[in-house]
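One structure is given below, encoded as structure tokens.
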Amino acid sequence: MGIKTALPKTELYLYTAVLSLALLWAGSWIIETSSENVNRKAFRENVKPGWHYFGRKMDVSDFEWVMWFTTFRNHILFALSGHVIFAKICSMLSPKNRSLIYMLYGSLAVLITMGWTYLTLILSHCVILYSVALVKRKWLCFVAGLTSLATFKMEPFNTWQEGFATGSFDLQDILFYGGCGFSIMRCMSFALENCEKKDGNYSFLDLIKYNFYLPFFFFGPVMTFDRFHEQVSPANNPNLTRKEREMWNITIHALVHLGAILVVDVFFHFLYILTIPNDLKLLKQLSDWSLAGLAYSNLVYDWVKSAVLFGVINTVSRLDHLDPPQPPKCITMLYVFAETHFDRGINDWLCKYVYDYIGENHDAIFKELLATICTFAVTTLWLGPCELVYIWSFFNCFGLNFELWVAKLFSLPPFSTIERNLMSEAMSRRIRGLFNAVNFWQIVLYNVLALNSLDFAQLVTKRLLLKGFPLSTLSVLFVTYCGVQLIKERERKQALLDDPEPVPPIEASKQKAE
Numbered sequence: 003m004g005i006k007t008a009l010p011k012t013e014l015y016l017y018t019a020v021l022s023l024a025l026l027w028a029g030s031w032i033i034e035t036s037s038e039n040v041n042r043k044a045f046r047e048n049v050k051p052g053w054h055y056f057g058r059k060m061d062v063s064d065f066e067w068v069m070w071f072t073t074f075r076n077h078i079l080f081a082l083s084g085h086v087i088f089a090k091i092c093s094m095l096s097p098k099n100r101s102l103i104y105m106l107y108g109s110l111a112v113l114i115t116m117g118w119t120y121l122t123l124i125l126s127h128c129v130i131l132y133s134v135a136l137v138k139r140k141w142l143c144f145v146a147g148l149t150s151l152a153t154f155k156m157e158p159f160n161t162w163q164e165g166f167a168t169g170s171f172d173l174q175d176i177l178f179y180g181g182c183g184f185s186i187m188r189c190m191s192f193a194l195e196n197c198e199k200k201d202g203n204y205s206f207l208d209l210i211k212y213n214f215y216l217p218f219f220f221f222g223p224v225m226t227f228d229r230f231h232e233q234v235s236p237a238n239n240p241n242l243t244r245k246e247r248e249m250w251n252i253t254i255h256a257l258v259h260l261g262a263i264l265v266v267d268v269f270f271h272f273l274y275i276l277t278i279p280n281d282l283k284l285l286k287q288l289s290d291w292s293l294a295g296l297a298y299s300n301l302v303y304d305w306v307k308s309a310v311l312f313g314v315i316n317t318v319s320r321l322d323h324l325d326p327p328q329p330p331k332c333i334t335m336l337y338v339f340a341e342t343h344f345d346r347g348i349n350d351w352l353c354k355y356v357y358d359y360i361g362e363n364h365d366a367i368f369k370e371l372l373a374t375i376c377t378f379a380v381t382t383l384w385l386g387p388c389e390l391v392y393i394w395s396f397f398n399c400f401g402l403n404f405e406l407w408v409a410k411l412f413s414l415p416p417f418s419t420i421e422r423n424l425m426s427e428a429m430s431r432r433i434r435g436l437f438n439a440v441n442f443w444q445i446v447l448y449n450v451l452a453l454n455s456l457d458f459a460q461l462v463t464k465r466l467l468l469k470g471f472p473l474s475t476l477s478v479l480f481v482t483y484c485g486v487q488l489i490k491e492r493e494r495k496q497a498l499l500d501d502p503e504p505v506p507p508i509e510a511s512k513q514k515a516e
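In the numbering used here, the protein residues as written are 3 to 516.
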């Protein structure tokens, strides 16, 4: 089946209507549950007074969102605004040295925020990994880099190193582990790219300029060294000219992110989607549709949060004439594990240095298995080894491989023969959509346990697959199938724009008519 296969418009209109009504129905139940239980004892800790003109309380369960846009909003804006102003002035004066200027400002900001002992700790890891990079052995770079990363993720090394951060403010832990973790990933990228460099080595100053670029330092995303080095090189755009309408696009993106922030804030006053999953007694009273809507909305929210947080940082980096990693693909648009991620920078890093390097073209089953195991092993270390992360990694690793096994199976006779000879392309698309709908809920259930809790994921799974079978199970899958077909239709239209079908010559048409 080709990606350009179309379905009848009436069928697509039906799918749109079903999906819209189902989302409104599930959303209304969540709003009703939020309103009726706002004063529950289990809600008191995470539901606080919000905007007074709404007359409603606000869900403040997500510390990261509250930190960025409420508690430490002014501090973060001050640091990023200072970077933009300082970098713009200095870049105008000396555009060839802009990467050095970014590094000086970033180092100074880290020094003032976290203290000289923390800066020394980061530099010591940079020195160690730079020394390993000079050996130009990839396996040694991986061993050294992953060992350094493990010292920030496992006891007693992380507690000992945490003592190097001076001060005691609420944001300290987030900044400490964020700065250290992303620094190690950047240093590993530098070391691995240095192994690929045929003539000589990159300098230690190149590493420091790469690591201490402030917008990326504490919160990411990770841009691989080769991309960063190329984009800040004086040879690339020495006069710092912009493309046509580039500033307009940057402004539009900034306004879109601002609008998303306001929309999420409004939603948090009506949909307590992060607090409700923590109350198991209340969850057991909810309908199957409400639980399915909660699980889905939690993944959508996490994607929105990632897109907004990285979008704010990416807007700043675009002002510095960089092309940062794109925001993650919307979870609503995903129905395959191969495209599932919430951090495009880390995903690009893992694909470049682990997944694609080992798996190559991803056709061989055993190579793909080894590639996914190694990829999720590194991911587990990055997230911090614990029981929940182990379970999440196992199921996502299994899901990624299971996709390949099923695809391989159905590419063999008699399945391939039946699809090619006995099915129309439209029917093939419908049948594939059924499998994709099941896959979509695998993605939701495998990832919601990491975003909420194992208990919540187990409850949703039991209600949808066991207690709710067959009515709830089949109805949820049908709604999901409708959504998958609408995604496929969007992909079809995009494929036609990217690769238009050839138009037959006018003369040929006339000859046929004659």
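Idealized CB from N, CA, C, for every residue including glycine.
To the nearest angstrom, report how far apart residue i and residue j are at their CA atoms.
| i | j | result |
| --- | --- | --- |
| T153 | N160 | 6 Å |
| L296 | I32 | 7 Å |
| V338 | F442 | 7 Å |
| V40 | S150 | 45 Å |
| G435 | E246 | 40 Å |
| S185 | L414 | 46 Å |
| L194 | S235 | 19 Å |
| L136 | N203 | 7 Å |
| S191 | F227 | 6 Å |
| N398 | M60 | 32 Å |
| Y75 | V68 | According to the sequence shown, residue 75 is Arg rather than Tyr. Rounded to the nearest angstrom, the two C-alpha atoms are 9 Å apart. |
| S455 | I278 | 12 Å |
| V306 | D290 | 24 Å |
| A89 | G261 | 26 Å |
| E157 | D350 | 28 Å |
| F344 | P329 | 8 Å |
| K369 | V145 | 21 Å |
| K6 | E427 | 10 Å |
| S299 | C92 | 44 Å |
| Q233 | G165 | 36 Å |
Counting only beta-carbon separations shorter than 7 Å, does residue i have a partner in chain B?
| i | result |
| --- | --- |
| L461 | Annotation note: the requested chain B is absent from the structure, which comprises a single protein chain. |
Can you name the start and end residues of the beta strand (DSSP E) that residue i belongs to?
| i | result |
| --- | --- |
| V49 | 49 to 51 |
| M60 | 59 to 61 |
So residue i and residue j are supposed to be a Cβ contact under 8 Å. How far apart are they, rounded?
| i | j | result |
| --- | --- | --- |
| H127 | C197 | So it is not a contact: roughly 18 Å between Cβ atoms. |
| C182 | I124 | 7 Å |
| L14 | E491 | 6 Å |
| F417 | L411 | 7 Å |
| L406 | I375 | Incorrect: roughly 13 Å between the Cβ atoms, too far for contact. |
Evaluate residue i with the Cβ neighbour count: other Cβ atoms within 10 Å of its Cβ, from every protein chain shown; 16 or more gives buried, anything less gives exposed.
| i | result |
| --- | --- |
| D54 | Checking the displayed sequence, the identity of residue 54 turns out to be His instead of Asp. Exposed is the call here. |
| Q444 | buried |
| P326 | buried |
| Q513 | Only weak support is given to the placement of Q513: the predicted model assigns it a pLDDT of 49, under 50, and the value that follows is read from those uncertain coordinates. Exposed, because fewer than 16 other Cβ atoms sit within 10 Å of the Cβ of Q513. |
| S83 | exposed |
| M94 | exposed |
| A237 | exposed |
| S511 | Confidence at S511 is low in this model, with a pLDDT of 49, below 50, so the placement of that residue is unreliable and no value is reported for it. |
| M116 | buried |
| I210 | buried |
| N251 | exposed |
| W394 | buried |
| C143 | buried |
| A515 | Bear in mind that a pLDDT of 47 at A515, under 50, signals an unreliable position, so the number given afterwards is only what the model happens to contain. When all chains shown are included, A515 counts as exposed. |
The alpha helix (DSSP H) spanning residue i covers which residue range?
| i | result |
| --- | --- |
| V318 | 290 to 321 |
| N76 | 75 to 95 |
| R492 | 473 to 500 |
| E421 | 417 to 424 |
| V268 | 248 to 270 |
| E427 | 427 to 453 |
| R244 | Per DSSP, R244 belongs to no alpha helix (DSSP H) and is neither H nor E. |
| S191 | 174 to 198 |
Considering only their Cβ atoms, is the gap separating residue j from residue i smaller than 7 Å?
| i | j | result |
| --- | --- | --- |
| L121 | V112 | yes |
| L488 | Y17 | yes |
| I263 | F71 | yes |
| V224 | M187 | yes |
| N403 | L383 | no |
| Y355 | T377 | no |
| G361 | Y215 | no |
| L473 | A459 | no |
| G52 | H271 | yes |
| V310 | H259 | yes |
| V318 | V86 | yes |
| L285 | L461 | yes |
Is any heavy atom in the ligand FAD found nearer than 6 Å to the beta carbon of residue i?
| i | result |
| --- | --- |
| I124 | For the ligand FAD, the structure offers nothing, since it holds no ligand at all. |
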